[in-house]
Structure formats: structure tokens, C-alpha cells
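Notes for the one structure printed next.
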Amino acid sequence: MASINKVSSLLFPSIVNENLTVNQITQNAYENDIENVQNNIMMNLIKNDYSELLETLFEKECILCLPIKTLFKPVDEILITEDYISSYILELTPLETEFKTLNNKSVTINGSIISTGEGFSSRTSAQILFENDYTNDTQGYSRTFTIYFIDSFLEDIKRETLGSNNEIYHSNTSIQNVNVISILPEENKNTLKLFTERTMDNIMQNLDTIDSIKIEIENLYNFTRNIIEGLSANALAELIEKTNTSTDSLIKLIEQYVHEETYDIVFFKICSLKNKEDTNLMNSIASVQYIDLPQIGLSYELADNLDRAIKHFKLISTLRTPMEKIKCLTNSIRILMSQPIYLSTDSLFDDKKDEQVVLSADQLIPLVLLLVLRSNVLNLNSNLCYMKDFSMTIDVNHGEQGFALSTLEAVFLYLENVQSSWVDISKRNRNIWETLKTGTLEEFKELYEEEEEKERAKNEGKRKEEEEDEGNNKDKNQQNEDHPSTNIVHIENIIESKDKEGNDLVLLAASVGRVDMMKFLIEEQDHTLYTKNYEGNNPMHLAILNDRKELIKYLSSLPLTTNDYKKKNMDYQESFLRSTSSILLNNLANEESDETQKIIKILMNKQNHDRVTPQMLLIKNSKQKLLDCFQNEYLDLLSINEPSFSYDTPLILACKEGHYELIKFLIENGADCSYQNPLGNTAFFYADEISMKLLLDHCKEWDHLDHLSRCPNKPNPNIKNKESITPIIHHCREGHDEVVQMMLKYSFVDITTKDMSGHTCLHYACSKSSIDLIEKLISFKSISVNAKTNEGNTPLHIAVYRNNLDMVKLLLKLQADPTIKNSKNKTPVAFTKNDEILDLLDNYIIVNKRGKSNEKFAMVTRGKIKDDTILFTLKSGRFGDINSILTVKRSLSDFLFLRQQLVFEYPHACITNLKDFSNVSKVISNKEISLTAENKLIEKCSNRINKMLSFLLKHKTYSQHELIGEFLIIPSFDNEMINERTMKKCQSMREKIMNEYPTSVENIDEKIKKLKNQESKLNQDVNSVKQISNVMKKLSKNHKELSNSFRRIRYGIGKPSSLIIDDKRPVLSTLRKLSNSYYNEELLDMDISEIFADLVNDIIGAKTSIPYYEELVNQYQSLAKRHRGLSDNINILEEQEKNYSGPSRPPNDERLLLLNSLNRDYDILTQEFHSVGTLLNYVTPNISMDLKTFNIWYEQEIASTFARYITREIEISKSNVSEIKNALDLIKNMKSDLQKLPLISKNETI
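Mapping of the sequence shown onto full-length UniProt numbering: residues 1 to 1246, in sequence order.
Okay, structure coming up:
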């Protein structure tokens, strides 16, 4: 606790104060924690402008990688787009370390490092400083997503930048690739085109001086500028907007256009006019091009800067405008004057620290001179003229550009009057280098001795001058102590000079393979082999690169003497000091060992600037003839079990390159197959199929080998690396199917092992491997097809995420369980949108559900909103028989139509109420409906429809109905045709009822009483269900609050200001799992309280049959009463007619007419009365059966819902047992660590 986490200074600069107490720092950090979210530009944009992204974060429980607020600038609020933010939102995947952003870019998370991949403009990485959950308080803490606070951007924000020191080609990056002329009105474009063509013709045919050409180009520039400036204010503003530039940049665009259009003719003309000057300059360059840095007063420390500047300066001939050429020159000089990246010194293996280089103005001219000499750029005088005389907008006489141009001009003047001594030195350098390469040994010796004699004479003269001025030198030395000079040594010694690649005589001999020259230099002239060129290559590098086997053989025979060691030309790197060679050298220096060591052993392990050693080169680029030249000495040359500076042994390097003969050789000579490099990888990690067979055969035969011809450590193909993965897991992860197939042939290869995240071979194989390999792996009984990672993902989760249909089929066929949920409570279905895979998963989920074997089922498996309705996937078939499953698409209106037809045909039916679904289209058409609301609506409709289908299939009559069969099987049907058919069927059914059922109804009051009792029971059930729903809501709320409590604890511990725990990840992971398990809507697909509440609609559907029956009874009773009354009236009239004794009545007598009318009415009423009676007799048993069926179904539904709730609680308890145990262990460890901390007094500060 005495030190502050370094992250705090980056996140919260205001809290880092050495005078603050721990409590003050914690309080400030807490406040800054909140500010990191509340005052973060990206987070504010998500909440205020891009609410759909926020909804997606909550709905999909994504991860938001949020750059800390200090990285943003105010202008970023305008520049950040929705697509840009989508690159920071990661969707959960079963791969756990590999993620996809919302805009389908790839991201990898290893530990606390986030790395970008495919889809991003560049590969970059960021560190997770800390993480926390973001919770929507308005939702009762039920919706949460994770925020990773990161220390840098994953994708650069495209801010408008002015010129920078690192620009290379263009003088203004914001205006490149913009053709301002193409945006002009057509009339202006044509005018400008004609004027440009006339200008170019005039230059080509009539102008022969630089000044006249310059004037013509200026005229074209001014004409173009006048055209643009003559545009109307609106047109000019539109032009600036289209080019996305400023007025000043627009002027540069004009200049760029002029020079781009005229470059080919203008520069050709300049080269013609400057031909003599260019030729003279090239001749001067040729006369001194072989001169070395120290020979003109420069240090080798500047060689790297010079090399980088040369590569840059060579581009000047490819550029077409003065602006670009001047920028190239300016940047080249900047590189020359910058601090060297690494220093190339005379004593290349000296162990002293590099001194800082201070470049004076006197050094710059020689350095630019060498830049010109070694870049070989043609027409340099013409380029200088073009830059100085034809620049329109750059001040070529002042500032940085003026300094660069005047420096280049000074170098040209110097080369016109180059010193004769420099010409002589350059010539002598070339002679000795060419003689070494192509001459005889005698010629080289003679030239070498001449140069030695010249150097001795020169040194003798200097010695005499120093003796004469000894008194003056003392004063100068005192003055030098007060004013230190730069560390530049003037060396004119031809023997010690280097060519432009940094090769001295020894390195040149190595590159051309001159063994005789090398012997002369090393054995007779005492040159050192511990030298390297500007690329860091030593003699052995060059010999191997150029396939100089005789020279390699010679170098391998050279001993390492005590004098070599005392020269202190060795490279004391940490890895070398740990090696056996270091011990032998120390013994050699202390003269404790007379054994002669070989120089080759040191040279073979020296890195160049690309970190490549000769040993690595030999293995990587070797040819059989090169290997053969060592024969028995090859073993000593490679230091078989001693790693190079790359920490890889020859065996690992040979496996990387696939050199099978070399692998055999190394194994036979005791190479350690179990050696681990810094990554923890053994040779098994780098082996291909053939190499792996060689290694595994060696493992198999190791016990039977002679002790002298085998490595001391038994080879183990199951050693885990730093990532805790074994070789077989590594090859499964990388998709090396052939290698894995080879490893599976050996029983001692452990195929059951897991990595730190719990992934098995099968998990990784499902991500990248072939079907054949999956089958091979699962054929081993020790591998579980349903093995879970630490996050609960099975191989099926991964195969589904990869959208590999064939692999999903195979896994399901091999008993993979599609219902297993991971720690986020997601089944494999959640990781794909592929309809074929979803159908396949649905089929296997349904067919394995608990139910009577061969029992019919029909259910909606999923739905999606389309065209203001919900389109459902409807599946039907028989449990246990996957081949019986049929799939059709049905809209919500189709289900409403189905219920409508059934109720029309069977008005007494107790079918679930769907009346409230008629308004769904209005809800969906509301564009403001959130993704969460959409999903909940689909879940609600699916749940209700499935209950309706379940009831229909359990009903004896409805389950056999032809409309149900058609609805479950036929892809589409004609509603009008079905409606007409239903009408006809109802008419036929009515006639059948009339013929089969009696007309009179008995015990009607008793039947009504029974129905009233049933209605009363249903009303009680409604109240009970509502009460249960309320209780469940309270229980659900308790779960949410408990979950939120864990989130609060996790938030407190996750803060950077929490200094108690160093490694917070195990604690945070445990708290997240506890929080997710105690409340997650995914666990039940729908909230339990809502499921109980929705049962009310089932009861309402059942209750609708009772009012229908009551209406029939009332109608029957009313008809019966009317029937009796009419019958009595007719009887009275008929009795009166019988007793009538008067004259016969005429046909139109009123009493006869009335009697006839009453008889007709009686017949009609009797028919209606009998019809209602037969219908009532038909309905009475059917409604009783429906209500009975409903009660049975309803009780089962209640029991099923309670079972789901209990199962949920059991699942939570089971999943939390291990997590709570882990939490207790962590608390114990924390308590133990806290007891070890020193006590801090109240007044003590940090």
C-alpha cells in the first residue's frame, strides 16, 4: 500500500499527489471513476446521440472498450461516428479470446491486452486498465454490460492535421489526391485546359532559358488562380467544401495542379539546360564515392542515420512538384540530425555504453555530402534548380526549407572543387577493396604493406608535432576539459576503412569467400573477427548468406585464445553470460583451462540488427552441401542444446524451418526435445507432420537408446507453455490437422488436457479443423463431446458460432447437447443467425425434450419481426423421432386466423385468448420500439401460442381437425378457401346434429349450476394466478437486488483506486458469475412472474365457453316459453272451432286466417326450438369435455411452470456452490496478504 498503481497517474492525474493520504486518494479516485464514464465523449455520444447502440449493449450484453477520457479532444465529438463507436463494441463469442465488433471487425483479448485484427485500418493494441459493469438504474438493475477502460484508441480518429515531422512525400497530407480542377464548372475547366496546353507547347517549342520557363509557369499559376478566385462566393464556398480544405490549402492545390500537369516537359527542359552541370557533378561524385565516414571527419555513430536518410533521399527523383521534393530534402536532413537508433562504432563488441551524439553545423555539410555520394540520384543540379526557382508558395530563402536548400547547394559547390586528398583516399579505398575481392594474395599483400607504410609515416609525423607542441597541448587540454568537444576521430587509414554497407576488409573477405585473404588478415595481421557492418552482420553471417562453405570451414577451425578474450571485443549480453561458452571463456581468461575453444561458437550466436544469428541463418537457409562441409565438426559448431540470442535451440529452429535431415542429426546427437524457449514452447510446438513423427518416434524409443547418444531429459510431448497449452492443443488451435492426426497415433500424447481457459483439443478443433479430425478425436472415449470451458462453452457452441453446418450435424449426431448454457446463460442457438443451423438445433432440442415417446407436438421455436408482424418458425412432429419433424413459417395473423376458424366451428372451445394480439402490428409499426421490447414481445407471443398449440393437440377432437393438420404441414394456404370451407362444414355439422341429437333438453338447471360452479372456480384461479405472479415479482426483485449487490461489490473492487488487491481478475470473475447467475432473463427465456400472469389469458379463453352455453340455455328457455304460449293459443282456437255450430266459414274468414298463421309460426318456432335443443344437447357434453381437458392441461401447465422455477433455483444454487467456495478461498488469501502488510499510522502519507 506504500505505492500507487501506475495506472492511476494515467487515468486520474489529479489524484497523484505525494502529500495525500490513502483515504483522500481513494475518495478522489472514486470521483474520477464516475467521471471516466460521465464525462467521456464516446460514452456521452452513446447515451445521447446513438441510443440504439446503448440498447444493443444492454440487449446483447456486449463489451464496450472505452478509451479513457483524457485521450479525447473536444473536436472528437464531431468526428466520432456511429460506425467508429461500433468498432469498440464487442459481441460475446464462445471463443472467449476472439471477438467480433458490431461492424464485423476482429479483436483478440489476451489477458489485459486488446489487439485489433481483420477489418481495422492497422494492427494495434491497447491495455485494459480496469473494468466495470454499467447498469441501467431505470430497469431495476436488470440490464448490464461490461466496460473495459483502455489506454489507447483501437482505431485512430481522423483529425485534420497540419504538417508533421514524420511526413515523407507530400507537403500537406490533407490536400493530397485532391484534384481541385475536376470540381470546377465545365466552362472553366475547358478554358483552363486550353491555356495549359498552349503553355506546354510554348515551353516545348520556343523557350530555352530557365527564366523564361519560370515566367511561363508563373503565368499558368496566376491564370489558374484568377479563374478560381473569380468564382462567385457561393461557388467558391462549395469548392472549398468539396475539397474539404481551407483557402490557404486551396492555393497549394493550385500549385500542385500546375506542377503535376507541366512536370514532364518542364523538368525535361531543365535537365537539358543543366546537362553540363549535372554531368560535372556526377563526375565529381564518382571521384570520391568510395570515401569512408572517418576519412572526412565523421563518426561511425552517424552511419545508421545516414543509411536511413539515403533510403529516404532516393525518393526525390520520383516526386513531381517542388513542394514534395523540398519536403523530401528537408526530412532527409532531419533524419541526419536526429538521435541515432543504434550506434555503429569501431569497437563493435565493446561493452561500454554508447555516448550521445551531438551533431554540429560543421558535421552537417560532410554528412549531406555523403548523402549525395551514396544515394546515386541523377540530375541533382536540375532538381535543385527546380526546387529553388519553381516553388510558388514556399519561401526557399529562409526557414527550414531555405536552410536545407542552401546546405545542398553548398555541398554541390564543395564537390566542384573537391580536395585532391579525398580523391586519393577514395581511389586507394577502391583499390584495396577490389584487390581483396578479385586480385591475388600477393597483390593484396603488396598493397596492404604500402598502406601500412603510409600510415606509419603519417603517425611518425604526428608524433613529432605533438612533442614540439607539448606545452601548448597542456593548455589546450585544460580548455577542452572546460569545453568538451564532439567525439569525432579523423581516420585516414585505408586498412581500417569500410565501404558504404559498413564492411571492412575482414567482412569483405567473408562475403566473397576469400579464405586466403581471411588467413592473411586474421593470422598474420591480427585483424579481429569480432566486427560487423551497418546491418549488424559479422563474418559468419556473410559467409552463410553467400554460401561460402570453405570459408565457414576455416572459421570453424579457428581457436579462441586468451589474447582474443583480453581484447575486450566480446559482446557481453545477458544470454551469453548464462551460456556454457561464457564459463569456458572465464576459465580461459583465468588460465584455469588449457582447452582451446573455437571462435565460431561465439560468432554463431551473435545477432544482427534484425535479431538473426548465423546459427539461425544456417538452419533457415542451409543447403545440404553447406551442412556436409562440417561433417563431424557440425555438432560442436551448433552448440546443440545451447540457445541462441533468440532463445531457440537448433532443434527448435530446425523444426520451424522443416529441415528433416537436420532434425534427425540433432536428435541422434542428444538434442533436448523438451527444452522450452521464453514462450514456454518446445520443439513439438513448431513441428509439422514429418517433424512431429521424428520427435514422437524419438520419445517412443528414448528408453531403449544408449545413454551416450540421447539427451539427459526424457522428451515429453505434453509440456505446457506459458499459455498453459500443450503441443496438441496448439496444433488444434492453429488448424494443423495433419500434425494432430499424427499425434493421435501415439498413446503417450495426452488428448484430455485443457488450457487455462478450460479449452480442450475438441474445442479448438471445432473452430478450425476438419470433420475427419473431429470424428477421430471423439472416437477416443476419454474426450467428452460436451466438455465445458471455464466460461461454460461446449464444442457445439464454437461450431455453431463458426456457422459450420456439417460440423454441427456431426456433433449433434455424436450426442452433443444443444441445451447446455454457458456462464452467460446462452445456449449454442444464441451464437448464429444461420437458418439451417437454427432449424437443426431446434429439432434436436425438441426431439430430446421430456415427453411421452411418439407423442405429437407442435411449437413455435423462434420468431422475428417482419413487415409490421411477427413471423414464427413452427415445428411439429413426434417426440423421439427427429425424422418426423416438419417446419413451416407462420405469421401472427395466421395464428389469429386459426383460432378464429376453430372458434367459429366450435364456439364452445376453451382455446387460449389471443384478442390482445390484434394490436401487435400497431406496436411493431412504432419505430421507437427498442430491441429489448421487440424480443419481449416475441417471447410473449411465442409463449401464448405454444400454450394454445399444446392444448389443441391434447384435445381429442381438435387434434384430429383437418385445419390443424394443414396448418402444421402446408407451407402456405388460402384463407378465403378455408373460410368458405368452414362455412360449409358448419352447415353440414348443423344438419348432422339435428339428425343425431334429441330436441328436448333435460335437467337444464342442474347443468347451468355446474357450469356456474366451474366459472366460479376459474375466477378463483384467476385471482390465485395473479397472487402467484405478484409473489414471483417480489422474488424476482430480490434476485435482481442480490445480483446488483454483487455488482456493487465488483464495482468497488474493480476501481483502479482500490489498492488492496494486486490481481483483481479472479475476484472480479467470481463476482460477475454470481451476479449473472442470480438474475438473468435468459435463464428462463421469460420472467417467471410474466409466465404466471399470462396464464390468466388461458383461463379467459376457457371462460368464454360458459357465456356461450348460458346464451344457448337462455335462447332455449325463451324459445320453450314462446313455444308453449303459441301452442296454447293454437289449442284454444282449435277448440273453439270444434265447438262452432254455425254456417261454414268462407276461406278468407279472419279466424281461419289467424289459425293458419299461428300454425305456420308454430312450425317455424318448433324447428328453431328443436334446433337449439339439439345444439344444446350437442354442446353440453362437449363443453364439459373441453373444460375437463382444459383443467387437466391447466394443472399440468401450472406444475410445469413451478417445475421450471424450482429447476431455476436449483441451477442457481449448483452454479454458485463452486463460485462461493472460490470467493471464500479468495477472501482467506486476501486476509492472509493483508496481515503481511506493514502497519500505517493515521498521519502517514503516501
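Don't be surprised by glycine CBs; every beta carbon is placed ideally from N, CA and C. From a predicted model like this one, the values you see are computed outputs, not experimental measurements.
- By the C-beta density criterion, Ala457 is exposed, having fewer than 16 other C-beta atoms within 10 angstroms.
- Assignment of Met859 by DSSP, reduced to helix, strand and coil, places it in the strand class.
- Comparing C-alpha distances from Cys761 to each of Ser747, Glu734, Tyr746 shows the shortest one belongs to Glu734.
- Here DSSP, grouped into helix, strand and coil, assigns Ser1105 to helix.
- DSSP, reduced to helix, strand and coil, places Glu277 within a helical segment of the structure shown.
- Ile1198 is the residue among Lys437, Asn1019, Ile1198, Glu416 whose C-alpha sits nearest the C-alpha of Ile1091.
- Contact between the region 1122-1142 and the region 862-875 is not established, with fewer than three Cβ pairs separated by less than 8 Å.
- By a beta-carbon distance limit of 8 Å, Asp307 contacts Tyr534. Their separation comes to about 6 Å.
- Distance from the CA atom of Lys498 to the CA atom of Thr440, rounded to whole angstroms, is 21 Å.
- Nearest to Gly680 by C-alpha distance, out of Ile667, Thr649, Ala654, is Thr649.
- The three-state secondary structure of Cys673, taken from DSSP, is coil.
- At a Cβ-Cβ threshold of 9 Å, Ile771 and Met807 count as neighbours.
- Assigned with DSSP and collapsed to three states, Val377 falls in coil, not helix or strand.
- In this structure, the beta-carbon distance from Tyr1116 to His908 does not fall below 9 Å.
- Residue state for Asn1182 is assigned as helix, using DSSP reduced to three classes.
- Non-local beta-carbon contacts of Lys314 in its own chain, meaning distances under 7 Å to residues more than five positions away in sequence, involve Ser375, Val377 in chain order.
- When Cβ pairs closer than 8 Å are counted between the two stretches, the region 789-807 is seen to touch the region 832-847, the count reaching three or more.
- By the 16-neighbour rule on beta-carbons within 10 angstroms, His704 is exposed.
- Residue environment: Lys722 is assigned as exposed (fewer than 16 neighbouring CB atoms within 10 Å of its CB, all protein chains considered).
- Residue state for Ala126 is assigned as strand, using DSSP reduced to three classes.
- The DSSP-derived three-state label of Thr982 is helix.
- Of the other Cβ atoms in all chains shown, fewer than 16 fall within 10 Å of the Cβ of Gly399; this residue is therefore exposed.
- In this structure, the straight-line span from the alpha carbon of Ala858 to that of Ile1183 is close to 24 Å.
- The C-alpha of Ile1100 lies about 18 Å from the C-alpha of His955.
- Counting along the chain, the unbroken beta strand (DSSP E) around Val107 starts and ends at 106-110.
- Looking at Asn1148, Met518, Ala126, the one whose alpha-carbon comes closest to that of Phe149 is Ala126.
- Ranked by Cα distance from Gln741, the options Gly758, Met756, Ile774, Asp755 are led by Ile774.
- Of the residues Leu937, Cys910, Ile929, the one whose Cα lies closest to the Cα of Ser918 is Leu937.
- Per DSSP, Lys656 is one residue of the alpha helix (DSSP H) stretching across 650-657.
- Secondary structure at Phe665: helix, using DSSP grouped into helix, strand and coil.
- Under the three-state reduction of DSSP output, Gly461 falls in the helix class.
- Your pair Asn718 and Thr753 checks out as a contact, with CB atoms roughly 7 Å apart and the cut at 8 Å.
- With 16 or more other CB atoms across the displayed protein chains lying within 10 angstroms of its CB, Ala404 is buried.
- Nearest in C-alpha terms to Met616, of all of Lys700, Ile544, Arg548, Thr438, is Ile544.
- Counting only residues of its own chain and dropping the five nearest sequence neighbours on each side, Val418 has a CB closer than 7 Å to the CB of Ser284, Ser287, Val288.
- At the C-beta level, Ser382 and Phe195 stay beyond 9 Å of one another.
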